[in-house]
Structures are given as structure tokens and as C-alpha cells.
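Quick note: to get the numbering used here, add 4 to the position in the sequence shown (first position is 1). Built from N, CA and C at the ideal position, the CB exists for glycine as well. These numbers were taken from a predicted model, which means no experiment stands behind them. One structure below.
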Amino acid sequence: MKANEIIFLVEESLEGGYEAKAIGESIFTEAESIEKLKSNIKEAVHCHFDNPNFSHKVVFHS
5 MKANEIIFLV EESLEGGYEA KAIGESIFTE AESIEKLKSN IKEAVHCHFD
55 NPNFSHKVVF HS
């Protein structure tokens, strides 16, 4: 894994929708659809690092 790469494990939630957990970082989010989950992941990563100039590549793994 590269320094600017964050891998998310994506799973269907038992309650419906999807959950995403970053591997190696304390970043978690959930959503009702995959498209909304992608948006939530981007927002969660930006909030976690609190740096607007942080460049990253997000990888989804299910």
C-alpha cells in the first residue's frame, strides 16, 4: 500500500445499505447506496486528515 493510498473494506450492512471501514486508519462510514457511500468516504477522509491539500487515492475492496 502506498503512503497516499487508503483501502476501504466495503460490506453490506445487516440493517440494509453498506458499511465501509478503512484498513489501517480509524475511518468508518455507512450509506444506503454505493454512490452515497463513495461520497461519504471522501467526506470522512477529508475530515479525518483535516487537510484540504491532502492528496489520496481511495481503493474499494469488497
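Using CA coordinates, which residue listed in Lys25, His52 and Ser17 is at the minimum distance from His65?
What you label residue 65 is simply residue 61 of the sequence shown in a count that begins at 1. Nearest C-alpha to His65: Lys25.
Could you name the residues that DSSP lists as bridge partners for Phe64?
Along the sequence shown, one-based indexing puts residue 64 at 60. In the DSSP output, where bridge partners are listed per residue, Phe64 has Phe12.
Residues bridged to Lys25 (per DSSP):
Here residue 25 refers to the residue found at position 21 when the sequence shown is read from its first residue. Answer by DSSP bridge pairing, in chain order: Leu13 and Phe32.
Extent of the continuous alpha helix (DSSP H) run through Asn44:
Residue mapping note: residue 44 aligns to position 40 of the sequence shown, counting from 1. Run containing Asn44: Ile38 to Phe53, per the alpha helix (DSSP H) assignment.
Work out the CA separation of Glu39 and Gly20 for me, nearest whole Å.
One-based indexing of the sequence shown puts residue 20 at position 16. One-based indexing of the sequence shown puts residue 39 at position 35. Cα-Cα distance, rounded: 15 Å.
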